[in-house]
Amino acid sequence: MSEKNHILEVKNLQVSYHTYAGEVKAVRGVNFELNTGEALAIVGESGCGKSVTAKTIMGLIKGPAGEVKKGSEILYKGENVLNYDKKQWQAYKGGECAIIFQDALASLNPTMRVGKQIMENLMVHKHMSKKEAQKEAVEMLRLVGIPEPEKRVKQYPHQFSGGMRQRVMIAIAFACDPKLLICDEPTTALDVTIQGQILDIIKDLQKRNNTSVIMITHDLGVVANVAQEIAVMYSGVIVERGKCEDIFYRPRHPYTWALIQSVPRLDLKNKQELASIPGTPPDLLNPPAGCPFSTRCKYCMGICKEQMPEITDFGDGHTAACWLHHPMAPKVEMPERKGGAE
Amino acid sequence: MLTPDKFKIVGYTQEEANKIDRPTISYWQDAWRRLKKNPVAMVSLVVLCFLVIMVIIGPHIRGYDYITMNVAEKNQGSSAKYWFGTDYLGRDLFSRIWVGARASILIALVATALKLIVGTLYGAAMAHFGGWVDDILMRIIEVLNSLPNLLITILIMMVLGNNMFALLVALSITAWCSTARQVRGMIKQLKETEYVYAAEVLGAKPLHIIIKHYVPNMLSILILNASTAIPQFIFTEAGLSFLGIGLTAPEISLGVLISQGQKTLDFYPSQLVYPCVVLCVIVMAFNLLGDGLRDALDPRLRQ
Amino acid sequence: MAKYLIRRFCELVLTIFLIASATFFLLEAVPGDPLSERADKLPVQSREILYKRYGLDKPMMERYVLTMTRMCKGDFGESFVYAGQTVGGLIHDRLPVSARLGLQQMILGVTVGLLLGIVAATKRGTAIDYMVVGLSVLLISIPHLIFGLMLQKIFAGTLRWFPTIGWPAGKDLWLGGWEYTVLPTLTGCFSYIASYARLLKTSMLDVVNQDYVLTAESKGLSKGAIIRKHILRNSFIPVMTQLPMSVGMCITGSFFIESIYSIPGIGQYYVTAVNNQDLSIVLGETVLLSLLYIIILFITDILYVVVDPRIAMPGQEH
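Note that the protein sequences, when read in sequence, are chains A, B and C. Numbering-wise, the first sequence is residues 1 to 342 according to my numbering. Numbering-wise, the second sequence is residues 1001 to 1303 according to my numbering. Numbering-wise, the third sequence is residues 2001 to 2318 according to my numbering.
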C-alpha cells in the first residue's frame, strides 16, 4: 500500500488530562494510519483512551485540563492538523472531518430546531444561503431515512426517538460531505434492533461519498460489520493492529484473545458461563512501567512487568505488542473458547 | 538484559488484577480535601474563627463595660484608650461592637437552626406521607411564598413586639420553606434511585439505609442552606433594626449600632463605619466560605 | 390551556383570601388599639363616635366580614391615623414612585450583571474573571443599607453632586428629576449585578461542558457563533426563572433605600404605618402588595407554559 493512500496518519499521539490528583495519561503514544475510503475500528473497554483519541483528531481537546503532548502528529492529507491556525481548524472541523457522538440526545442542542442545527454546518462550510440550506437540510434528513422530513426539520430534538436522533446526528455529520468521519460509539446507546439500521446508513453514506471512517467501539460485533482494519487499544496504547480477518482469526495479543472470548455466541451448545476478563485496567494516573495488561494477563512473564513490549510485525500490516512473540518466550496459542463444543 | 528466566510465565494474581491505585476516600474526606485546597475558603474559615473568638472575649479586652456611660468622653474618635472611640453617650464602641456582633451572629445561628430543623421535618413529612398530605403541605408553602418575605417579617414583628423572640420567629417564619422543598425533592429522588432500591431488596435495615444514603445527601443540602442563610439573616436583622422594626435600644446588635451611627453620621462618621465594617467582614467571610463549601460538596467536581 | 388558566385563577383568588384573612387576624392580635392614642384625650362621647366611624365598636367577627366584603368591592380601608387617607389613594400616589425606583434598579442591575457574567464565563481563569467574582462577592456582602449610607455620605454629603434626599414628583414622576434617582438606583442595583453575574456565569460554565457544545465545535463554528447560538440561549433558562421573582420584588418597594433617601414610596409608608400602628393601612397594603406580587408571578407562569423551552423557545424564527 503506498503512502499516498493514507488520508490520516497518527504518529506518537500523547494526550494527558490534568486533574486534582495529577496528570492522567489518557493516550500514551498511539500510531495508526487510515486508508482513503476505508474504515478503521478502534476497539477497547471504557477508559482505554479511544474516545480521547477521537476527540483529539477532531481538535476537541481543550486546555487547561486537556493537553496534547509535544511530538504528537496527526497528519491529515500529509499535513499536521495540530499546527493548524484558527481558520484552518474551522475549515477542517465539520468541512473535512466530522464526528458522531454516542449520546445523540445530549449532543443535540435542546433549544434549537434540528433543521437549524444541520443548516449551521451548510452555511459555514458550503456558504449556502438560508433558503438553500433549509432545502438541503430537508434532503439530508430524507437521506438518513427520516420520514416526513419537511415537518421534522422544524422540530426540536426531544420530539425525536433515540434512533431518529442518531440519524439527525448522521445528517449533521454528512451535511458537508466530509472526507473523514469519526464515529464515537454511535450505536452504544441504542436498541439492538436500531443498531443495525444506523450502521447500514453510515455504511451507505460512506460508500456514496467515499468517506474514510474511524469507528470507535467496544462492541466487536459492530466492527466485523463495518471495518476493514482493527486497532485494539488498552490503557492508552494500541496493543494489536491488523486486517479484520487477522484480528478475528489469527489474533496475537492475549488481550485480543480475551476480548474475542468475551463476545457472547449463540452457536455454542453448552450452557457455559460467559468468559470475562478479570480485574480492572491500570490507573492511568501512574501507568505501569511494563505492559499495561500484565496485571490481568494469564501469560504474564517477569519481563512484562519491567519493560514495554516491542512491536512484532506479522506481515500485511498485522502487528502486536507482546513479549510472547519474543524468540526467548515460550510458545503459547490462543486458548480454545470456553464452552467451545465446535 | 533479557535473560530467559524473565520469560517464565507467572500469570497474574487476583489481588494485582483488582488493584486500584488511587486510594479510596469517602465523600466527606474528599470534600474536606478540596476545601483545604481552596485558599479563599480557608482564609474565610480562619477569619470566622477569629470573629467567633472576638465576640466571646472582645468585650472584655479593654475592660470597659458596654453600657457604662462616660458623658465626659462622649463622641470620641479612635484613641489608645478607646480603640474604636465612644458613642454619643460616652460608651466604649469597641466593646459595644463585639457585644452587638455576638447578638447578630447568635440571632443568625438560632434562626438558621430553626429554619433547618423545621424545614427538614416538614420536607421529610411531605416526602414520607405523599399523597394529599403532601399536596396540602405544599399549598401552605405556596401561600407563604406568595407574599414578599419582608412583609411577613415586618408583620410578625409588629404583632409580637420588638424583642429577641419575635425577631427569631419573624426571621425564620418563611425561611424554612426553601429547605423543606429541597429536602422533599432529595428524599423523593433518592427513594426512586436504584441503589437505594437495591439496598432495600438486599435486605438492608431501614436505619442503615437512612444513615448510609439519606444522611450524607441531606447533610450537604443542609450545609449549603446554612451557609447562604446565615449571612442573609445577619442582613435582615441589621435592616430591620435600622428601620426601627427589629431590636431597639437598649438592646444592641450590629443593626442597632448602625442605626445609632447614622444619626451622628455627619459629625462622627466613625461611629457608623466601625459597625458597618464588622458587619461586612462577617457576611463576606460567611459568603466566601459558603462558595468554597458549594464547590467542595459538588459531586460533579470530584476528580 | 383554558382549563389550566381557570385553575390557576381560582388558586390565585383563594390565596389572596387566605392572605387577607391571616393578616386580619394577625393584626387583631396586636396589643392595644390603634385609636387609643388619639381617642384617650377626647371626651367619652366623641370617643364613641370616633370608634363607630372606624367600625371598631363591633365584635371581631362582624368586622372581619365587613372588611372582607369591602375589600371585594375594591375598598381597602382608611387610615386610623391620618383621617381621609385611604389605602387606594396611597397606592395610587406611591406605587409609581416605588415602581420607578425598582424598575430602574432592576434594568440597570440585571443588564450589567448579565454582561459581567458573560465576560467572566468566556474569560474564565483570567484576571477579568477573578475581578468579576471578587466584585460580586463584595457587592453581595455589603448590605443595601450600608451602600446607601455610604453613597449618600460621599456623593450627596461631601461632594454635593446629587441631592441627599427626595424624589421627583408631578410631571417628573416617571421621566424627570434624574439627579434624585441616581444614588437610590445605584444603591439598589448592586445586589442585582452580583446575583445575576453569578447566576449567568455558573449556568454558562454548566452549559459549556454539555455535549452539544462539543457538537457545535465539531461543526467548525467560530467561538463567537458557538457562544451566541448554543451557549447563551441555553444558559439563559435559569435566568428566565429568576427574573419574575426580581420583578415582583422590585415593584413591592425597597424598604431600606426608601427609608435612607426619604423617598415617598410604598415601602417607606409601610414602615411608617407599622410604627404608627395604623392597622387598616397595614392590612390594605399587605393585601394589595401580595395581590400585585401574585399577579406578576401568575403572568410569568402563564408565559412559561407558552414559551417553555422544551416546547418552543422565544426568539426562534418560524
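Heads up, the beta-carbon is just placed ideally off N, CA and C, and yes, glycines get one too.
| Item | Value |
| --- | --- |
| Counting only C-beta atoms, is lysine 2201/C closer than 8 Å to chain B at any point? | no |
| Measuring only the C-alpha atoms, how far is serine 107/A from leucine 1190/B? | 27 Å |
| DSSP three-state label for methionine 2313/C, please. | A caution first: methionine 2313/C carries a pLDDT of 38, below 50, which makes its placement in the model too unreliable to give a value. |
| How big is the Cα-Cα spacing for valine 1010/B and isoleucine 303/A? | 10 Å |
| Tell me the residue span of the alpha helix (DSSP H) that contains asparagine 1954/C. | The first residue shown for chain C is 2001 and the last is 2318, placing residue 1954/C beyond what the model contains. |
| Is the segment 60 to 69 of chain A touching the segment 148 to 156 of chain A in the sense that three or more CB pairs, one from each, lie closer than 8 Å? | no |
| Which residues in the same chain as methionine 2374/C place their Cβ atom closer than 8 Å to its Cβ, once the five residues preceding and following it in sequence are excluded? | Residue 2374/C cannot be examined here, being either before or after the span of chain C that is shown, 2001 to 2318. |
| Quick one: what does DSSP say histidine 127/A is sitting in, helix, strand or coil? | coil |
| Reducing DSSP to helix, strand and coil, say where glutamine 261/A ends up. | helix |
| What residue ranges within the segment 1210 to 1268 of chain B form continuous beta strand (DSSP E) runs of no fewer than 3 residues, ordered along the chain? | none |
| Note down, in chain order, each residue of its chain lying with its Cβ closer than 7 Å to the Cβ of phenylalanine 1007/B, except the 5 sequence neighbours on either side. | none |
| Using Cβ-Cβ distances below 9 Å, what residues of the segment 2281 to 2301 of chain C are close to chain B? | Val2282, Glu2285, Thr2286, Leu2289, Ser2290, Tyr2293, Ile2294 and Leu2297 |
| Suppose the cutoff is 7 Å on Cβ atoms and the five residues either side in sequence are ignored; what does the same chain contact list for lysine 126/A look like? | Cys176 |
| Taking the alpha-carbon positions, what's the lysine 77/A to leucine 8/A distance? | 6 Å |
| Helix or strand or just coil, what does DSSP make of glutamate 2028/C? | helix |
| Secondary structure at glutamine 14/A, three-state DSSP: helix, strand or coil? | strand |
| Residue ranges of each alpha helix (DSSP H) run of no fewer than 4 residues wholly in the segment 2209 to 2255 of chain C, ordered along the chain? | 2211 to 2218 and 2233 to 2251 |
| For isoleucine 1223/B, which residues from the same chain have a beta carbon less than 7 Å from its beta carbon, with the 5 sequence-adjacent residues on both sides left out? | Leu1293 and Leu1297 |
| Strictly below 7 Å CB to CB, what residues from chain B border leucine 2018/C? | Val1143 |
| Assign threonine 2272/C to buried or exposed, taking buried as 16 or more other Cβ atoms, counted over all protein chains shown, within 10 Å of its Cβ. | exposed |
| Is there contact between the segment 1254 to 1263 of chain B and the segment 1125 to 1139 of chain B, where contact requires at least three CB pairs shorter than 8 Å? | no |
| Near glutamate 3/A, which residues of its chain fall below 8 Å by C-beta distance, leaving aside the five closest residues on each side in sequence? | In this prediction, glutamate 3/A scores a pLDDT of 49, lower than 50, which makes its location untrustworthy; the coordinate-derived value is nonetheless stated afterwards. Once the five neighbours on either side are set aside, glutamate 3/A has no close Cβ partner at all. |
| Under a CB-based cut-off of 8 Å, is glycine 2395/C close to chain B? | Past the edges of chain C, shown from 2001 to 2318, lies residue 2395/C, and the structure says nothing about it. |
| According to DSSP, simplified to helix, strand and coil, what is glycine 2284/C? | helix |
| Would you check if the distance between the CB atom of methionine 233/A and the CB atom of valine 43/A is smaller than 8 Å? | yes |
| Does chain B have any CB closer than 8 Å to the CB of leucine 8/A? | no |
| Thinking just about the alpha-carbon of each residue, which of Gly317/A, His326/A, Thr188/A and Gln134/A is nearest to the one in glycine 221/A? | Thr188/A |
| Would you identify the three-state DSSP class for glycine 340/A, choosing helix, strand or coil? | Note on glycine 340/A: pLDDT 39, under 50, position unreliable in the model; no value is reported. |
| Can you list the residues of chain A that asparagine 2234/C reaches, using a CB-CB cut of under 8 Å? | Asn109, Pro110 and Thr111 |
| So, at 6 Å on beta carbons, what are the nonlocal neighbours of leucine 2116/C in its own chain, with the 5 sequence-adjacent residues on each side left out? | Val2132 and Ala2197 |
| Give a yes or no on whether the minimum CB-CB distance between glutamine 2316/C and chain B is below 8 Å. | A caution first: glutamine 2316/C carries a pLDDT of 37, below 50, which makes its placement in the model too unreliable to give a value. |
| Check the Cβ-Cβ distances between glutamine 1303/B and every residue of chain A, and say whether any is below 8 Å. | Here the model assigns glutamine 1303/B a pLDDT of 42, short of 50, so the residue's position is not dependable and the matter cannot be decided. |
| For valine 43/A, name the three-state secondary structure that DSSP assigns. | strand |
| At what residues does the beta strand (DSSP E) containing cysteine 183/A begin and finish? | 180 to 184 |
| Please classify arginine 28/A as buried or exposed, where buried requires at least 16 other C-beta atoms within 10 Å of its C-beta. | buried |
| So for histidine 2318/C, helix, strand or coil by DSSP? | Unreliable positioning characterises histidine 2318/C in this predicted model, as indicated by a pLDDT of 33, which lies under 50. A coordinate reading is not provided. |
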